[in-house]
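Beneath this line is the structure, given in structure tokens, with notes to follow.
Spelled out as structure tokens, the structure:
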């Protein structure tokens, strides 16, 4: 019984089946509904009417001028929101990588007895709910908050620096909120790293930078990829952080979609925007994974 | 093997950045805790020490209920998700590529790629149809939705860990006539523990954070702490919220500490 | 495979089911809007326990109930949404056998356009959306929407606006002399241009801002009267203005859902909040008026004669009830709003 089960590929499917069942029922299946909705007409006060329409998709990219309905132009408001979301999310990922890599390294190079304690410490702030953490950040950077008060007491500045309600605040907030999603997978990869290779590198008189680049980075790459994906994707759909720290002055994609499902009462447009976001994310993901596979193929072959 | 030769592990500047990171992580939390003891209603102006906000939180029946429900939901969903994700990770990393693998990856990672608001709306429509059909309005829907949402978060660190494990160890076990199941429990699983712990913790955190999905899936009397707080967003956040957050932090700290101690003594 | 599904289903079903027992009523209300004291008194008097579940917007609540299978008994939507709730058959008429205290509703709130004669709903709380100003920063006339829409130099860059599309659009449309759901292009064009020009002067669009006003981060804003009152109680340089060009009035109303599992208990609760001493608890908690005759007697001292609660007689006429605009009009509003916030 053992042999056939573990020879073919069937056992792999068997192992994946429970997870896939839950996912199909509670994640992918319902998503099809969103796809269907993007091709329907908006209902009164939200919801949809079961009439086929491509208006939702049309409105994602184009707009009829409010005052001259015959004038059709690119919907640059939507494109601007799209671009801002992608750009802010990329920056967030970079910041998390910049802070997360040394931190994960720091934890992974502690003696095994204290390592778990450090790992523990990195996760503690994240036992607090996201909303609370966002409000906590707000207390630090607001005009009468900690940073401004300290700087003014020290005489470094005369009037408070406006940090709240800027892109900086949104970036800081997202990096703060998503950082453990970068550190934990990085750590998981580093913890299992083969340090003999690092020693070998130094034995061959390689500089620290060369060792970092040629020996360490390739080994922790799976962690890096996992971390980047884990950070980028919630960042691009972020809703709470831009609303609280950005002061709701400028929208990110999540806010735009929420607007259509809420006060905008245009569910098909919201559904189409959501689908488009999905396409962008999947596209980025495929490109990314393909590049990684190619690199790995080159290294192994 | 890696216990000696500390110098090779030191990279200049890394320690400093790590310390900065930890400071950045803790400063807002410290301030949050600090103002939960404020006598005044403000979160910026210190009016002296008081426990009044804790009293208020304790006397608030709703706060007690939503807190317990949140923790229960997070623990349940993260446990389910970790088990399912571990199985799936083994299926997708052992024994080479196979047909349909890409599709499995896509399915597993799908909840990551969809903004919460979309999953929320989709689930609302879907779940409501089931509720009307079956008449069951229990916590099962929230557990299922949270589990699905936690699976990719649990899966990624476990898989990252599995990929860095040396397959030669399992091959060696097989050479010694260990069955694959024996090899898994005596070789792979112990080595996998850090990945599994990381996966569970990520899942737990993600479940605690899930606002929008919960908001749309919940039935009467199923508010969790995040949806409760989202409801408060239109009003001012008082130090009562800080007090709740602090209590929550303390409570989960106790749970995690216990959890850590257990896995540490067993895992190593 | 089948077994896996069966096991998964069993695991899901095995978890706690919601109690439908006697002596329960499920209230679906805005967050931080329900006085715990009110619920305690109700339980003391009737033995019925109240479960509160929160929502964060009218649209969430409507979407939620529409889909069915929710288990709620009572909901508290805003005036502009009530018509939709009624026409879609989501509410049931109040039972005159149990809800006997309807005469307690202030006469002006009985024949309201959204529920003439109060067949379905009773007032929960009502208020105004006006202008809050730090008078130590700006000492001119504060009954002016222009403070937000065309801000004077001293307020520029220090303004907070609540992120409610309907309130902001209403204020701007009234400012340009239009009706709430106007399709007049000249008015809408002026509205768009005004908002586009005003937006760079706004520092934030934020709800929970009482602290930020008190601390001086914001010097002016579009805000609700009850919240403005809470600001003033902590920092008395703030005052609340009622724009003469027009400002939105709003009212949240309690109603019993058509498919309420605990209908009679729900009706009892509705009747309970119609008594002035109980309605006063709602007001004391959220700092809004409630529309029940005589309840002011039972309110906290700070509520009486508060300028945020007592609308000055000469400005009362400028207050206008909201209206849910038709889909095409709302669509134009959304487009303008998106353009402003892009």
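Residue numbers (the numbering used here), protein chains in the order written: chain A, 29 to 329; chain B, 49 to 316; chain C, 83 to 424. Where a beta carbon is used, it is the ideal one built from N, C-alpha and C, also for glycine.
Q: Within the region 217-292 of chain C, note down every full alpha helix (DSSP H) run reaching 4 residues or more, in order along the chain.
A: 228-231, 247-257, 267-280
**Q.** Cβ pair residue 275 of chain B, residue 153 of chain C closer than 8 Å
**A.** Working through the second chain from its first residue, we reach residue 275 of chain B at position 227. Working through the third chain from its first residue, we reach residue 153 of chain C at position 71. Contact flag unset, no.
Q) According to the neighbour-count rule (16 or more other Cβ atoms, all chains shown, within 10 Å of its Cβ), is residue 225 of chain B buried or exposed? A) Stepping through the second chain from its first residue, residue 225 of chain B is reached at position 177. Result: exposed.
Q) For residue 211 of chain C, is the classification buried or exposed, using 16 other Cβ atoms within 10 angstroms of its Cβ as the cut-off for buried? A) For this step, residue 211 of chain C is matched to residue 129 along the third chain. It is buried - the Cβ of residue 211 of chain C has at least 16 other Cβ atoms within 10 Å.
Q) At a CB-CB cut-off below 7 Å, which residues of chain B make contact with residue 108 of chain C? A) For the purposes of this step, residue 108 of chain C is identified with residue 26 of the third chain, where counting begins at 1. The contacting residues are 268, 269.
Q. Which value, in whole angstroms, describes the spacing of the CA atoms of residue 106 of chain C and residue 155 of chain C?
A. As a working mapping, residue 106 of chain C is identified with position 24 in the third chain. As a working mapping, residue 155 of chain C is identified with position 73 in the third chain. Between residue 106 of chain C and residue 155 of chain C, the C-alpha separation is close to 10 Å.
Q.
Taking 8 Å as the threshold (beta carbon to beta carbon), is residue 103 of chain C in contact with chain B?
A. Position 21 of the third chain, counting from 1, holds the residue named residue 103 of chain C. Reliability of the predicted coordinates at residue 103 of chain C is poor, the pLDDT of 43 falling under 50, and the value obtained from them is presented with this limitation in mind. No, its Cβ sits nowhere closer than 8 Å to a Cβ of chain B.
**Q.** Given residue 254 of chain A as reference, the closest of A/52, A/38, A/128 once Cα atoms are compared
**A.** Position 226 of the first chain, counted from the first residue, corresponds to residue 254 of chain A. Minimum Cα distance to residue 254 of chain A is reached at A/128.
Q: Please confirm if the region 83-97 of chain A is in contact with the region 167-174 of chain B, defined as three or more CB-CB distances below 8 Å between the two stretches.
A: no
**Q.** Identified DSSP bridge partners for residue 198 of chain C
**A.** Position 116 of the third chain, counted from the first residue, corresponds to residue 198 of chain C. Its beta-bridge partners are C/193.
Q.
Let me see if you follow: with CB-CB separation under 8 Å, is residue 134 of chain A close to chain B or not?
A. Here residue 134 of chain A corresponds to residue number 106 of the first chain, with the count starting at 1. Chain B contact via Cβ: present.
Q.
At the level of alpha carbons, what is the spacing between residue 281 of chain A and residue 81 of chain A?
A. Here residue 281 of chain A refers to the residue found at position 253 when the first chain is read from its first residue. Here residue 81 of chain A refers to the residue found at position 53 when the first chain is read from its first residue. Distance between the alpha carbons of residue 281 of chain A and residue 81 of chain A is about 23 Å.
Q: Give, in chain order, every unbroken run of the alpha helix (DSSP H) that is at least 4 residues long and sits entirely within the region 138-197 of chain C.
A: 140-148, 161-169
Q: Taking 8 Å as the cut-off, decide whether the C-beta atoms of residue 158 of chain A and residue 214 of chain B are in contact.
A: In the first chain, residue 158 of chain A corresponds to position 130, counting from 1. In the second chain, residue 214 of chain B corresponds to position 166, counting from 1. No, they are not a contact pair.
**Q.** Sub-8 Å separation of residue 191 of chain C and residue 401 of chain C beta-carbons
**A.** Start at 1 with the first residue of the third chain, and residue 191 of chain C comes out as number 109. Start at 1 with the first residue of the third chain, and residue 401 of chain C comes out as number 319. Not in contact: residue 191 of chain C and residue 401 of chain C (Cβ atoms no closer than 8 Å).
Q: Return no unless some Cβ of chain C is closer than 8 Å to the Cβ of residue 109 of chain B.
A: Residue numbering aside, residue 109 of chain B sits at position 61 when the second chain is read from its first letter. Cβ-Cβ to chain C under 8 Å: yes for residue 109 of chain B.
Q: Can you grab the Cα-Cα spacing for the pair residue 111 of chain B / residue 199 of chain B, in whole Å?
A: Stepping through the second chain from its first residue, residue 111 of chain B is reached at position 63. Stepping through the second chain from its first residue, residue 199 of chain B is reached at position 151. Going from the Cα of residue 111 of chain B to the Cα of residue 199 of chain B covers about 28 Å.
Q. DSSP on residue 327 of chain C, reduced to helix/strand/coil?
A. Here residue 327 of chain C is taken as the residue at index 245 of the third chain, counted from 1. Residue state, collapsed to three classes: coil.
Q) Does residue 55 of chain A come within less than 8 Å of chain B when only Cβ atoms are used? A) Locating residue 55 of chain A in the first chain gives position 27, counting from the first residue. Closer than 8 Å to some Cβ of chain B, the Cβ of residue 55 of chain A qualifies, so yes.
Q. If you run the structure through DSSP and keep just helix, strand and coil, what is residue 103 of chain C?
A. Numbered from 1 along the third chain, position 21 holds the residue referred to as residue 103 of chain C. Per-residue confidence for residue 103 of chain C stands at a pLDDT of 43, beneath the threshold of 50, marking its modelled position as unreliable; no derived number is given.
(Q) Using only the alpha-carbon positions, how far apart do residue 233 of chain B and residue 218 of chain B sit? (A) Counting from one through the second chain, the residue named residue 233 of chain B turns up at place 185. Counting from one through the second chain, the residue named residue 218 of chain B turns up at place 170. Looking at the two C-alpha atoms, the distance is approximately 11 Å.
Q | Bounding residues of the beta strand (DSSP E) (the contiguous stretch that carries residue 302 of chain C) | A | Locating residue 302 of chain C in the third chain gives position 220, where the first residue counts as 1. Counting along the chain, the beta strand (DSSP E) containing residue 302 of chain C begins and ends at 302-306.
Q. So residue 230 of chain C and residue 307 of chain C are in contact, right, with Cβ under 8 Å, and what is the actual spacing, rounded?
A. Translated into the one-based positions of the third chain, residue 230 of chain C becomes position 148. Translated into the one-based positions of the third chain, residue 307 of chain C becomes position 225. So it is not a contact: roughly 15 Å between Cβ atoms.
Q.
Could you check whether the Cβ of residue 280 of chain C sits closer than 8 Å to any Cβ belonging to chain A?
A. In the third chain, residue 280 of chain C corresponds to position 198, counting from 1. Not an interface residue.
Q. Is residue 357 of chain C closer than 8 Å to residue 183 of chain C when the C-beta atoms are compared?
A. On the third chain, residue 183 of chain C is found 101 positions in, with the first residue counted as 1. On the third chain, residue 357 of chain C is found 275 positions in, with the first residue counted as 1. Yes, they are a contact pair.
Q) With distances taken from CA atoms, which of C/411, C/326, C/217 is nearest residue 228 of chain C? A) Translated into the one-based positions of the third chain, residue 228 of chain C becomes position 146. Cα-wise, what sits closest to residue 228 of chain C is C/326.
Q) beta strand (DSSP E) containing residue 102 of chain A: first to last residue? A) Here residue 102 of chain A refers to the residue found at position 74 when the first chain is read from its first residue. It spans 100-102 - the beta strand (DSSP E) in which residue 102 of chain A sits, taken as one unbroken run.
**Q.** Interfacial residues, the region 227-241 of chain A to chain B, with Cβ spacing under 7 Å
**A.** 227, 230, 236, 240
Q. Residue 96 of chain B touches chain C at which residues, Cβ-Cβ below 7 Å?
A. Taking the first residue of the second chain as 1, we reach residue 96 of chain B at position 48. Neighbours of residue 96 of chain B on chain C: none; closest Cβ ~16 Å, over 7 Å.
Q) Can you find a CB in chain B that lies within less than 8 Å of the CB of residue 151 of chain A? A) Taking the first residue of the first chain as 1, we reach residue 151 of chain A at position 123. Taking Cβ atoms only, chain B reaches closer than 8 Å to residue 151 of chain A, which makes this a yes.
Q) Helix, strand or coil: which one does DSSP assign to residue 333 of chain C? A) Looking up residue 333 of chain C in the third chain gives position 251. Strand at residue 333 of chain C.
Q) How is residue 404 of chain C classed by DSSP in three states: helix, strand or coil? A) Here residue 404 of chain C refers to the residue found at position 322 of the third chain. If DSSP states are grouped into helix, strand and coil, residue 404 of chain C belongs with coil.
Q. Would DSSP call residue 198 of chain A helix, strand or coil?
A. Within the first chain, residue 198 of chain A is the residue found at index 170, counting from 1. Correct three-state label for residue 198 of chain A: helix.
**Q.** Coil, strand or helix - residue 49 of chain B by DSSP
**A.** Along the second chain, read from residue 1 onward, the residue named residue 49 of chain B stands at position 1. Confidence at residue 49 of chain B is low in this model, with a pLDDT of 39, below 50, so the placement of that residue should be treated as unreliable; the coordinate-derived value is given next. Coil, per DSSP.
Q) Whose C-beta lies closer than 8 Å to the C-beta of residue 103 of chain C among residues of the same chain, with five residues either side of it excluded? A) Here the question's residue 103 of chain C lines up with position 21 in the third chain. Confidence at residue 103 of chain C is low in this model, with a pLDDT of 43, below 50, so its placement is unreliable and the value that follows should be read with caution. Nothing listed; no residue qualifies.
**Q.** Cutoff 7 Å; reference residue 211 of chain A; Cβ partners in own chain excluding five residues on either side
**A.** Here residue 211 of chain A corresponds to residue number 183 of the first chain, with the count starting at 1. Around residue 211 of chain A: 128, 131, 132, 150.
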